[in-house]
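See structure below.
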Amino acid sequence: MNLELFQPSLKPDVNYETKSYNLTSYLYACMIGGFLPALVLGMQNAVWLRVNPLLRTVILVVGIILYFVLPLGLLRFFLGTWIGLAYYYFMKRRYKVHEGIHGTIQPMFQTAIGCSFVGRMLEVGYIVKGVPLLYGS
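Quick note: the sequence shown uses this note's numbering, first residue 7, plus one each step.
Following this line, the structure appears as structure tokens:
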């Protein structure tokens with residue numbers, strides 16, 4: 007007889023609580039804020055939902071590569087929305103489990119506004135000053 011079956015599965019002194027942003031609000035923040043809020047808020051949410059670090063790294067690296075590969079214009083402007091949609095698709099199942107176990111939903115309004123402002127300013131700075139620095143004047 008296996009005595010391990012009679013041991014408790016939850017360990018003492020381990021925090022099993024998860025927290026998350028509302029995924030719909032996250033998607034709105036990505037649409038309005040762009041690239042930086044999509045990555046910053048998405049990575050924070052992935053840590054809170056205890057996503058595999060390899061998957062978090064893959065999403066982060068693909069987003070950064072796409073940012074520098076895509077030409078300036080509408081493609082890059084909507085990159086935050088695309089990253090938000092991909093993240094929404096990948097995290098939907100974990101979020102449903104999080105809701106099912108009555109995890110906490112964190113407010114994201116102030117963080118999203120701050121990330122959106124900083125992200126848009128970095129994008130404008132990159133467009134104005136970064137292009138001549140990269141390609142010459």
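Backbone N, C-alpha and C define an ideal beta-carbon position, used for all residues, glycine too.
Quick check on DSSP: helix, strand or coil for residue i?
i: residue 15; result: coil
i: residue 111; result: strand
i: residue 129; result: helix
Leaving aside the five residues before and after residue i along the sequence, list all residues of the same chain whose C-beta is less than 8 Å from its C-beta, in chain order.
i: residue 73; result: 41, 82, 85
Who are the Cβ neighbours of residue i in its own chain at under 6 Å, not counting the five residues just before and after it?
i: residue 89; result: 44, 69
i: residue 28; result: 111
For residue i, which residues from the same chain have a beta carbon less than 7 Å from its beta carbon, with the 5 sequence-adjacent residues on both sides left out?
i: residue 118; result: 35, 39, 43, 47
i: residue 9; result: none
Taking the alpha-carbon of residue i as reference, which of the options has the nearest alpha-carbon?
i: residue 114; options: 14, 93, 57, 51; result: 51
i: residue 2; options: 17, 11, 32; result: For the chain, the structure presents residues 7 to 143; residue 2 sits outside this window and is missing.
i: residue 25; options: 104, 87, 60; result: 104
i: residue 99; options: 9, 55, 65; result: 55
For this session: Kindly provide the ranges of any alpha helix (DSSP H) runs that are 4 or more residues long and lie completely inside the region 26–86, ordered along the chain.
Result: 29–39, 41–54, 59–75, 80–83
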